[in-house]
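Protein chains in written order, with the working numbering: chain A, 24 to 365; chain B, 379 to 877. Here a beta-carbon is modelled for each residue, glycine too, at the ideal position from N, C-alpha and C. Fair warning: this is a prediction, and the values are worked out from it, not measured in the lab. Written below as structure tokens is the structure these notes are about.
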């Protein structure tokens, strides 16, 4: 009798553990979809291309993903708040271009101009964001259209200003992009990126500003009625996004020791892909910084893999598109999975 | 002839219509009146084919309607037309395109006959008094009232209709416009049409209709010729025997009218709606606001909470003159507002229960390191206990809660803002009865402790239960302020109707 009871108890316990485990697994699958994809693709990569797992290659992946990663974060913030900023890829070019022009042509002899140049890069990004913000928030023009125009204007301006590109940038200006610390191993842009991630994560998860941002993305009218200053908030997000894109441009210019008028061309699609892969909802209100980091990683791993495997580089867009589609399918399955748990 | 024969409609256990029989005659305007939830709209929906009755028959011109196949498109073929309370048009198309949508006129070459349609559109616009509009105007540029007029014109003059259902069309229309429409309807009556006119506005119904049917709580009360009806008689039929008012103990109502008022509104006016509003609100009081749709009650509440701006007049709050540019400034001063559209204006559907309840208070509970999550949970637990919130985990999505509990979360959000004045616009709308009375009791007992409440409710009974005074708005003006000693359903009902 007692044996039977014990057996039943054990059975139930096993069942319960089983159920909890299932719940946990599904929860992980729902909330960290992108990281699972990162894991799978890395394992696949290591099996297929042995060179992928070397320390040098991993640092290479990270270094390459930082400039684009900054703009993906910029787009991610915009999407979470419920709008697009298409002009980020042009801000990414115009900010370092103007700064470099000031440093090398317009005012080369001004004392400390190199350091001022770094500041100018950021300020240009902020100004672009501010203009975008004021036009779309205060004048109520659709941000999609405002930033589309801005994208064209700034790209055209870049082409006009430096038809050929400028090389041999001042040393201080390329510090962030190409200087390496710790026995010449760790690029200085890595700690810089980590600081940005921590700051953004802290802002989204811990500061009232972050909650307000998601609230505006979720239901702008409700946010307004709750006393959130929605207009100011949206302009601020535009400015932060512009600044992040400019920072990305600064690092990219440093890495390649040059500014080119084609910097960032076509990155807009990748920005959307990275943010959405990272779990940001296109309609706003949902998203996390760690998730977006996964999206950035995934894009870069795939691109790196394609380079290493010497696949025809034209196929890369096919792969990006397929991955994005996969992520979207998984996202749409989320609600069904949720029901499955309950 | 339209014959309604013993129609019964049940939604689950709720009886919306109970054995209704009415005969609508040709060439009459037939008024259908009753309180909210009397069953008027259900009856209209059945006639138009949106829903099928549980039992009973309908005969149209002596032909029985087969409910298995009866849908709005069939109804339209049988020359029945409906003008809904909120007209549905394709907003980005022009007036002309909208009027002929689905029934475009073509010429011999099967091309659109633009000239004919344009002329016809002009004709319709003229007939409904909208001749200031060009046929090429897009619908987005029209006000709701104008769209409604357009809808009426479309149904009256473009479609060949025999039975016309008008559901609460007067809600957004001005008196002048309504008068104009009445004249047009009276002309149409002569063409042997049946016009069924549903309305809350009893004065208009009496002025317009030939016969009137009164429904109350799903029951047929009376169908009477207009000659035998007066305003008082009709309100009597609509309200029925004054049911015993549910009340709280006498001690829970407010008495200190000698004290300094907390809020005073002087000569307040807004652009379109409110004219010359004067009122006082005292700490500890529940001030009810009653009025029909379009009477300006929503606008009054929104002006006081900073959602819309006032044009003239002033608001004096705690002895100083205030001006609210947006809800934020009002909330900082201690005036919070809950909209009547819970899903559209209050709920963050992506957030969890706790975040929905604490939204708007995050700045208060954070320091330079960020939000203090312990205090956040404290805030949530306090209000969830106060309001007896039923929920699984605080981190569940807000969608997991029932409507009533979601509303509790929204009220909790307001409480967390520690206000002096709560402005609650129809905040017990669309929640089940049990939670409704629980909330009313909570409002009466708890919210008046340190603050004042301004509120409206969908029906009069609830207001009678909680309010200390009721301000009745009619056409944007204060019609009357009724003290608790004079409360009765009939009294308020008449005042709301402008009588």
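{"Query": "Sequence-distant residues of the same chain with beta carbon closer than 7 Å to residue 331 of chain A, five excluded per side", "Result": "72, 74 and 75"}
{"Query": "Reduced DSSP secondary structure (H/G/I, E/B, other) of residue 461 of chain B", "Result": "strand"}
{"Query": "Whether residue 870 of chain B touches residue 850 of chain B by CB criterion (8 Å)", "Result": "yes"}
{"Query": "Residue 428 of chain B - containing alpha helix (DSSP H), residue span", "Result": "Run containing residue 428 of chain B: none; DSSP gives neither H nor E here."}
{"Query": "Own chain partners of residue 719 of chain B with C-beta closer than 8 Å, once the 5 adjacent residues on each side are dropped", "Result": "none"}
{"Query": "Short Cβ contact (8 Å threshold) for residue 449 of chain B with residue 665 of chain B", "Result": "no"}
{"Query": "Which listed residue (B/663, B/525 and B/442) has its alpha carbon closest to that of residue 462 of chain B", "Result": "B/525"}
{"Query": "Bounding residues of the alpha helix (DSSP H) (the contiguous stretch that carries residue 484 of chain B)", "Result": "Careful: residue 484 of chain B lies outside any alpha helix (DSSP H) and carries neither H nor E."}
{"Query": "Below-8 Å beta-carbon distance, residue 314 of chain A vs any chain B residue", "Result": "no"}
{"Query": "The region 83-98 of chain A / the region 287-303 of chain A touching (three or more Cβ pairs under 8 Å)", "Result": "yes"}
{"Query": "The alpha helix (DSSP H) enclosing residue 225 of chain A, as first and last residue numbers", "Result": "212-228"}
{"Query": "Beta carbon proximity, residue 749 of chain B to chain A, threshold 8 Å", "Result": "yes"}
{"Query": "The alpha helix (DSSP H) enclosing residue 119 of chain A, as first and last residue numbers", "Result": "111-124"}
{"Query": "Any beta strand (DSSP E) of 3 or more consecutive residues that is wholly inside the region 610-664 of chain B", "Result": "641-647 and 655-659"}
{"Query": "Inter-residue Cα distance where the pair is residue 529 of chain B and residue 465 of chain B", "Result": "7 Å"}
{"Query": "Residue 343 of chain A versus A/295, A/83 and A/67, residue with shortest Cα-Cα distance", "Result": "A/295"}
{"Query": "Buried versus exposed, by CB contacts within 10 Å (16 or more), residue 167 of chain A", "Result": "exposed"}
{"Query": "Min CB distance residue 195 of chain A to chain B below 8 Å", "Result": "no"}
{"Query": "DSSP beta-bridge partners of residue 598 of chain B", "Result": "B/593"}
{"Query": "Against chain A: residues of the region 719-737 of chain B by CB proximity under 8 Å", "Result": "722, 723, 724, 725, 726, 727, 728, 729, 733 and 737"}
{"Query": "Min CB distance residue 225 of chain A to chain B below 8 Å", "Result": "yes"}
{"Query": "DSSP-derived helix/strand/coil call for residue 67 of chain A", "Result": "helix"}
{"Query": "Extent of the continuous alpha helix (DSSP H) to which residue 274 of chain A belongs", "Result": "253-279"}
{"Query": "Minimum Cβ-Cβ distance from residue 552 of chain B to chain A less than 8 Å", "Result": "no"}
{"Query": "Chain A contact residues for residue 705 of chain B, given Cβ-Cβ distances below 8 Å", "Result": "247, 248, 249 and 250"}
{"Query": "Continuous alpha helix (DSSP H) assignments of at least 4 residues falling wholly in the region 660-693 of chain B", "Result": "675-682"}
{"Query": "Contact residues within the region 290-323 of chain A, judged by C-beta distance below 7 Å to chain B", "Result": "308 and 309"}
{"Query": "Reduced DSSP category for residue 858 of chain B - H, G, I as helix; E, B as strand; rest coil", "Result": "strand"}
{"Query": "Any C-beta of chain B under 8 Å from that of residue 222 of chain A", "Result": "no"}
{"Query": "Where residue 703 of chain B falls, given that 16 or more other Cβ within 10 Å makes a residue buried", "Result": "exposed"}
{"Query": "Spatial neighbours of residue 721 of chain B in its chain, beta-carbon cut-off 7 Å, leaving aside the 5 residues before and after", "Result": "none"}
{"Query": "Proximal residues of chain A, C-beta to C-beta of residue 744 of chain B below 9 Å", "Result": "229, 230 and 231"}
{"Query": "Other residues of its chain near residue 312 of chain A: CB distance less than 7 Å, five sequence neighbours each side excluded", "Result": "220, 223, 224 and 227"}
{"Query": "Any non-hydrogen atom of the ligand MN closer than 7 Å to residue 331 of chain A Cβ", "Result": "This structure does not include the ligand MN; it has no bound ligands of any sort."}
{"Query": "CB-CB length for residue 441 of chain B against residue 420 of chain B, believed under 8 Å", "Result": "Incorrect: roughly 23 Å between the Cβ atoms, too far for contact."}
{"Query": "Status (buried if at least 16 other CB within 10 Å, exposed otherwise) for residue 804 of chain B", "Result": "buried"}
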